[in-house]
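S.K.: Residue numbers (this note's numbering): 313 to 529.
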Amino acid sequence: MVAVITADLVDSSSYSDSFLDEVLKSLKSEFENLQLEYGQNEIDFEIYRGDSFQGVVLRYEDSLRIALRIKSLINKVKFKNQNSTNILADVKIAIGIGNFEYKGDSIAASNGQAFQLSGRTLDAMKNDSRRIRLKTPLENLNAEFEASLFLLDMIMEKWSQASAEVVYFLLKGLKETEIATVLKISQPAVNQRKKACGWEAISALLKRFETVTAHSF
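1. Just mark S515 as buried or exposed, buried being the case when its beta carbon has 16 or more other beta carbons within 10 Å.
2. Give me the Cβ distance between K447 and G408, rounded to the nearest whole Å; I'm assuming they're in contact under 8 Å.
3. Identify, in the order they occur along the chain, each residue of the same chain with its Cβ nearer than 8 Å to the Cβ of D465, setting aside the five sequence neighbours on each side.
4. Tell me, to the nearest whole angstrom, how far the beta carbon of A406 is from that of M437; I am working on the premise that it is less than 8 Å.
5. In three-state terms, what does DSSP make of G510?
6. Helix, strand or coil: which one does DSSP assign to D356?
7. Under 8 Å, with one C-beta from each stretch per pair, do the region 455 to 474 and the region 345 to 354 reach the 3-pair mark?
8. Going by DSSP, which residues form a beta bridge with F365?
9. Using only the alpha-carbon positions, how far apart do F392 and L450 sit?
10. Within a Cβ cutoff of 6 Å, which residues of the same chain sit near D320, ignoring the five residues on either side of it in sequence?
11. How far does the alpha helix (DSSP H) with V479 in it reach, from first residue to last?
12. Over what stretch of residues does the alpha helix (DSSP H) that includes L370 continue unbroken?
13. Could you have a look at A401 and say whether DSSP puts it in helix, strand or coil?
14. Less than 8 Å separating the beta-carbons of A508 and S475?
15. Which runs of the beta strand (DSSP E) fall wholly inside the region 421 to 448 and span at least 3 residues, in chain order?
16. Check Q502 in the structure and name its three-state DSSP category.
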């Protein structure tokens, strides 16, 4: 069993060429960082069609954490000389957990249950406002996280770029004092953003996801 993450940038046709380049550059760098942290054979991502990407995560219990890290990375991308803190780039992400039947020379040439579940779920999201969904062969698991991820969507709708920044570094495992140093703000300011982004609820959901998925397959 593996997790496949399939994603599309939201309204990317409205991005300027320079902003889209910045988003894609950030993504490519993040994919390299994830391989360094988790292991080159554990994670593999590819960008295709210019505004979509897909990846295989062998440790499927980590797939939600990785998906949120990628989303927060995209949400925190800033435009040159930007004055507001509104999120400028967003993404729809579908996680499929299932069998990995065929490994081709590239992710696009690979196939299996996890790919099909992820791809079909993302296709079904194109006409709704959802930002993240999960599909597995287990209906009880789907039912639990359909509700949980719906609530997560509502939390993430309220993020600003500043919130997304803090979520991103928390998902990388940094402490408040370390984040304060990176962002050049005070530790109380980090703590305030941490509360504003709903980190306590997100952290509880991640722990639940990791525990349940690890014992379900």
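The beta-carbon is built from N, C-alpha and C at its ideal position, and this holds for glycine as well.
Please read these numbers as outputs of a predicted model, since none were measured by experiment.
M.R.: In short, the structure shows the following:
1. Exposed, by the Cβ-count rule.
2. 5 Å
3. S441, R442, R443, I444
4. At roughly 6 Å, the Cβ-Cβ gap stays under 8 Å, so A406 and M437 are in contact.
5. coil
6. strand
7. The answer is no - the region 345 to 354 does not touch the region 455 to 474, with fewer than three Cβ pairs under 8 Å.
8. In the DSSP output, where bridge partners are listed per residue, F365 has A319, I359.
9. According to the sequence provided, residue 392 is Lys. The question's Phe does not apply to it. Each residue's alpha carbon lies about 45 Å from the other.
10. Excluding residues within five positions, the ones whose Cβ falls inside 6 Å are S364, K404.
11. 473 to 483
12. From DSSP, L370 is part of no alpha helix (DSSP H); its letter is neither H nor E.
13. coil
14. Cβ distance < 8 Å, so A508 and S475 count as in contact.
15. 444 to 447
16. In the sequence as displayed, the identity of residue 502 is Val instead of Gln. Helix.
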